[in-house]
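**Q** Before I ask anything, let me first share the structure, which is written out below as structure tokens.
In the working numbering, the protein residues as written are 6 to 262.
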């Protein structure tokens, strides 16, 4: 029997070295693998290159690694909720590869599926395809590193010639993900918005580490309900149903309104 359970988050991330690349699940703060992130913070790993839809907020999610200046580069779609992210990027401390959200999702999925690259219409006619997007600034505000131009080709689609831009797949050294339910073989079930990027991040990592709220025995999960098969998962820890969760902003109505 293949038992992928590890006893603690600290043990599960202990071999992630300085300079590693990571795909990290989460959509906003939904589905952030916070126990694994905090274990990585505690062990002092630095110079990380991280692929994730966003970088958390100043005191939660990937924001805790960012605040400790452990991240060298982010590949993300949305970065608007984190003031420290803005400061580090504009002062040249952080490199950013800004990527359209759907393209980022497909780059991760393609990496996990063994597809080297794909063509998409997203970004055609913009700096995404033409190059020139700032990736890193100098301290004086000038651009130190800009995105390169990408290959653009014309294909006939439904009898119409359309341009497509070539996007390369993403694979990373490790992946960190959060699931609601899992078994000791690594089969995972995600809850609602946590399903957006966690399965894709898991697929792209050469070593995938999953934290789950509840761990069950093999055979207890309905195979038809499994969102990610255990073949993609290498280590799994249980964090319990009371694992802390956050949202970016809570909006409530006045009582009686």
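Glycine included, C-beta positions come from ideal geometry on N, C-alpha and C.
#1: Taking buried to mean at least 16 other C-beta atoms within 10 Å of its own C-beta, is residue 25 buried or exposed?
#2: I believe residue 141 touches residue 100 by the beta-carbon criterion, under 8 Å. Please report the beta-carbon distance rounded to the nearest angstrom.
#3: Which whole runs of the alpha helix (DSSP H) in the region 33-94 are 4 residues long or more, in chain order?
#4: Are there 16 or more other CB atoms within 10 angstroms of the CB of residue 147, so buried, or fewer, so exposed?
#5: Looking only at DSSP bridge pairs, what is residue 124 linked to?
#6: Closest by CA to residue 35, which one among 232, 249 and 198?
#7: Can you grab the Cα-Cα spacing for the pair residue 201 / residue 234, in whole Å?
#8: In its own chain, which residues sit with a C-beta less than 7 Å from the C-beta of residue 135, not counting the 5 before and 5 after it?
#9: Comparing the CB of residue 220 with every heavy atom of the ligand FAD, is any distance shorter than 7 Å?
#10: In this structure, what does DSSP give as the bridge partners for residue 26?
#11: Please go through the same chain and pick out, in chain order, the residues whose beta-carbon is closer than 6 Å to the beta-carbon of residue 191, but skip the five residues on each side of it.
#12: Rounded to the nearest angstrom, what separates residue 255 and residue 162 at their Cα positions?
#13: Pull up the distance between the alpha-carbon of residue 169 and that of residue 113, whole angstroms please.
**A** The short version:
#1: That one is buried.
#2: That pair is a contact at about 4 Å.
#3: DSSP runs (the alpha helix (DSSP H)) wholly in the region 33-94: 39-48 and 68-72.
#4: Exposed: under 16 other Cβ atoms inside 10 Å.
#5: In DSSP, residue 124 forms a bridge with 171.
#6: Taking only the C-alpha atoms, the option nearest residue 35 is 198.
#7: Across the structure, residue 201 and residue 234 are spaced so that their CA atoms are roughly 16 Å apart.
#8: Hits under 7 Å: 154.
#9: Looking for the ligand FAD in the displayed structure turns up nothing, as the structure carries no ligands at all.
#10: DSSP lists 54 as partners of residue 26.
#11: Hits under 6 Å: 9, 235, 238 and 241.
#12: Each residue's alpha carbon lies about 44 Å from the other.
#13: Inter-residue distance for residue 169 and residue 113 is about 19 Å (C-alpha atoms, whole angstroms).
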